[in-house]
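Trainee:
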Amino acid sequence: AVVLSGPEPQRTRLEQTLLRQASTLPLRWLFVQGLTEERQQWRRQDQIDLCNFMSSGELNEALAASRIVVCRSGYSSIMDLAVLGKKAVLIPTPGQTEQEYLAQRLYRHKLFYTQSQAQLDLSRALVEVERYPGFSQLELGRGLLKEKVRQLAD
87 AVVLSGPEPQ RTRLEQTLLR QASTLPLRWL FVQGLTEERQ QWRRQDQIDL
137 CNFMSSGELN EALAASRIVV CRSGYSSIMD LAVLGKKAVL IPTPGQTEQE
187 YLAQRLYRHK LFYTQSQAQL DLSRALVEVE RYPGFSQLEL GRGLLKEKVR
237 QLAD
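Here you go:
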C-alpha cells in the first residue's frame, strides 16, 4: 500500500512519481491519496487502485493486508507501522527536518529502508526493503514499543 500525506505541492509530486513508477511494475497497488474530500471515491488505473481517503479503521485494514507500506516518515505513520509490524519504505517530506531525521535514524538502526523523494527508485526500494524488518522483529511489549521509538528519535 502507498499512503500519501503531507503539504502540497510535495504530496502531489510524490503521488505523480510513485504512480509513474508503480505502473511499470508487475504488482497490484493500493494508493491512499490523503485527500480530504466530501465523499470517498475509488478508481482503478491498470493494476493500481486509488482511493482519495480512508477512515482510520479502513486504513488499518488496508495496511494490515499489505506486505509492504510506502509512506512518509512522520511520527504517527511510524507508530502505525510499529503497531502493525509492517516493513516499509519511508520517504520523508522534503524540508521536514523531523521526518528526515526519523527516516535516517531508523535506516541507520536497520529497521526501515528510506529514500529521498528526489532520488526515489521504487523498483530498487522494493528489493532493499526486504533487508529491513521494521519493528516486527523486536521483542517488545506494546507499552515498550512507543518508548523504543522515542529512544531511537533522541
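Residue numbering for the sequence shown follows the numbering used here, starting at 87 and increasing by one per position. For each residue, glycine too, the CB sits at the ideal point set by N, CA and C. Quantities reported herein were computed from a predicted structural model and do not represent experimental measurements.
What beta strand (DSSP E) runs, 3 residues minimum, are completely inside the stretch 128-166?
Mentor: Correct list: 128-131, 134-137 and 154-157.
Trainee: Quickly, what does DSSP pair threonine 200 with across the bridge? List them, please.
Mentor: Here residue 200 is taken as the residue at index 114 of the sequence shown, counted from 1. Answer by DSSP bridge pairing, in chain order: Leu176.
Trainee: Considering Cα atoms alone, identify which of Gln185, Val155 and Asn138 is closest to arginine 129.
Mentor: Here residue 129 refers to the residue found at position 43 of the sequence shown. Answer by Cα proximity: Asn138.
Trainee: With a Cβ-Cβ cutoff of 8 Å, do isoleucine 134 and alanine 150 count as a contact?
Mentor: Here residue 134 refers to the residue found at position 48 of the sequence shown. Here residue 150 refers to the residue found at position 64 of the sequence shown. Taking 8 Å as the Cβ cut-off, isoleucine 134 and alanine 150 do not qualify as a contacting pair.
Trainee: Name the two residues that bound the continuous beta strand (DSSP E) containing leucine 116.
Mentor: Position 30 of the sequence shown, counting from 1, holds the residue named residue 116. 115-118 is the span of the beta strand (DSSP E), which, as asked, contains leucine 116.
Trainee: Which residue comes first and which comes last in the alpha helix (DSSP H) that contains tyrosine 193?
Mentor: Walking along the sequence shown from the start, residue 193 turns up at place 107. It spans 183-194 - the alpha helix (DSSP H) in which tyrosine 193 sits, taken as one unbroken run.
Trainee: Please go through the same chain and pick out, in chain order, the residues whose beta-carbon is closer than 6 Å to the beta-carbon of valine 118, but skip the five residues on each side of it.
Mentor: As a first step, residue 118 is located in the sequence shown; it is residue number 32 there, counting from the start. Closer than 6 Å at the Cβ level, and outside the excluded window around valine 118, lie Val89, Cys137 and Met140.
Trainee: Among residues of its own chain, excluding the 5 on either side of alanine 211, which ones have a beta-carbon nearer than 7 Å to its beta-carbon?
Mentor: Locating residue 211 in the sequence shown gives position 125, counting from the first residue. Once the five neighbours on either side are set aside, the close Cβ partners of alanine 211 are Val175, Tyr199 and Gln201.
Trainee: Quick check: the Cα distance between glycine 160 and lysine 172, rounded to an integer number of angstroms?
Mentor: Here the question's residue 160 lines up with position 74 in the sequence shown. Here the question's residue 172 lines up with position 86 in the sequence shown. Distance between the alpha carbons of glycine 160 and lysine 172: 15 Å.
Trainee: Could you tell me the distance, in whole angstroms, from the CA atom of leucine 170 to the CA atom of alanine 239?
Mentor: Taking the sequence shown and counting its residues from 1, the one referred to as residue 170 is at position 84. Taking the sequence shown and counting its residues from 1, the one referred to as residue 239 is at position 153. Cα-Cα distance, rounded: 19 Å.
Trainee: How about serine 91 and arginine 99: do their beta carbons lie closer than 8 Å?
Mentor: Residue numbering aside, residue 91 sits at position 5 when the sequence shown is read from its first letter. Residue numbering aside, residue 99 sits at position 13 when the sequence shown is read from its first letter. Contact: no.
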